[in-house]
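In this text, residue positions in the sequence shown follow my numbering: the first is 5, and each later residue adds one. From the three backbone atoms N, C-alpha and C, an ideal C-beta is built for every residue, glycine too. Bear in mind that the values here come from a model prediction, so they are computed numbers and not experimental data.
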Amino acid sequence: MTTADDSVLQVENVTLRFGGLVSLNDVSMSVPRGAVSAVIGPNGAGKTSLFNCLTGAYKPQEGQVWFTPAGGTRSQLVGRTPHKITHLGVARTFQNIRLFPALTALENVQVGVESRQKSGAISAMLHLPRSTRDDRESVAEAVSLLEFVGLPHRIHEVSAALPYGDQRRLEIARALGTKPSLLLLDEPAAGTNPAEKRDLERLITRIADTGVSVLLIEHDMRLVMSVATQVTVLNFGEVIAQGRPEEVQRNPAVVEAYLGTATDDQEASA
Ligand SMILES: Nc1ncnc2c1ncn2[C@@H]1O[C@H](COP(=O)(O)OP(=O)(O)OP(=O)(O)O)[C@@H](O)[C@H]1O
Ligand SMILES: [Mg+2]
Numbered sequence: 005m006t007t008a009d010d011s012v013l014q015v016e017n018v019t020l021r022f023g024g025l026v027s028l029n030d031v032s033m034s035v036p037r038g039a040v041s042a043v044i045g046p047n048g049a050g051k052t053s054l055f056n057c058l059t060g061a062y063k064p065q066e067g068q069v070w071f072t073p074a075g076g077t078r079s080q081l082v083g084r085t086p087h088k089i090t091h092l093g094v095a096r097t098f099q100n101i102r103l104f105p106a107l108t109a110l111e112n113v114q115v116g117v118e119s120r121q122k123s124g125a126i127s128a129m130l131h132l133p134r135s136t137r138d139d140r141e142s143v144a145e146a147v148s149l150l151e152f153v154g155l156p157h158r159i160h161e162v163s164a165a166l167p168y169g170d171q172r173r174l175e176i177a178r179a180l181g182t183k184p185s186l187l188l189l190d191e192p193a194a195g196t197n198p199a200e201k202r203d204l205e206r207l208i209t210r211i212a213d214t215g216v217s218v219l220l221i222e223h224d225m226r227l228v229m230s231v232a233t234q235v236t237v238l239n240f241g242e243v244i245a246q247g248r249p250e251e252v253q254r255n256p257a258v259v260e261a262y263l264g265t266a267t268d269d270q271e272a273s274a
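What follows is the structure, encoded as structure tokens:
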């Protein structure tokens, strides 16, 4: 599968094992450029493991992951460090929010922005003064990202004190600070209320409208159906369906995967 198509990401035959447990089994899928797509599947299906393989947190034993940023060259992500992958243009949020709790909303987003600046990471490590210009730019960019995600009123609040839904949006702002071509969102709606879900739905659509490709892991099917143009379904580490949301929803294998886990846990060991 080496033909150039309009995918921002191509996952080819990825297998990830933990000892005897096969977390991902020969997974192949593609992520369309400039659109919102989704990965769904029952608990333990391998969704987060897939994100971890795409971002360098896990190294699959087999398979390849090809990433082509907007206007850039195609590169292999397997074997690269998370830091390098962020630099190439892949950003993520986490299923369990990972903010710096003692930092303000602004400072959290600055961390994302500064990871991109030359003087950022290295001068922080060496405790060197950063250039005033970089500082000014990172503040301005972080403020505009906080406005973009709808948190202009939270700029100086410590992130640990923010309501849960705001923390989720703050994580998205921080990820956007790295200027990604591809944004991976791991259950961004988890724990949010219906109004926050609607805001999130609009935010995800606006992110894609800016040209960023979005891949979303989500259990809320209403949200998936309303924002995603393509859905990939994982079950026990395997892709059991990929297509348009309405096709996937009617797919008998998908229906069975969901009903099976909802009604009969014994099937998990079958
Ligand atoms: N670091 C690890 N060590 C051992 N097993 C792991 C590790 N990470 C994931 N797994 C296993 O891989 C399988 C898939 O887990 P994963 O977290 O990817 O599922 P998921 O689809 O994200 O589930 P959920 O919807 O509950 O978040 C599970 O059996 C899990 O226990
Ligand atoms: Mg998960």
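In chain order, the residues that have a beta carbon nearer than 6 Å to some heavy atom of ligand 1 are 22, 25, 27, 45, 47, 48, 49, 50, 51, 52, 53 and 99. Per the C-alpha coordinates, the member of 40, 68, 142 and 168 positioned closest to residue 105 is 168. C-alpha of residue 16 to C-alpha of residue 263: approximately 28 Å in a straight line.
Going by beta carbons, residue 37 and residue 12 fall inside the 8 Å limit. In this structure, the C-beta of residue 30 stays at least 7 Å away from each heavy atom of ligand 2. For residue 72, the secondary structure class from DSSP, reduced to helix, strand or coil, is coil. Between residue 205 and residue 231, the beta carbon gap of about 6 Å places them in contact (Cβ cut-off 8 Å).
With a cut-off of 7 Å, the C-beta of residue 224 is classified as distant from ligand 2, since no heavy atom of the ligand falls inside that distance. Judged by beta-carbon spacing, residue 184 lies within the 8 Å limit of residue 95, meaning their Cβ atoms are closer than that value. With a threshold of 7 Å, the Cβ atom of residue 203 does not count as near ligand 2, since no heavy atom of the ligand is closer than that.
Distance from the CA of residue 173 to the CA of residue 218, rounded to the nearest whole angstrom, comes to 15 Å. Closest by C-alpha distance to residue 141, out of 117, 150 and 154, is 117. Looking only at 115, 39, 166 and 136, the smallest Cα-Cα distance to residue 147 is reached by 115.
In its chain, beyond the 5 residues on either side, 108, 109, 110, 147 and 150 have a beta carbon closer than 8 Å to the beta carbon of residue 159. Membership of residue 95 in the beta strand (DSSP E) is indicated by the continuous run 94-96.
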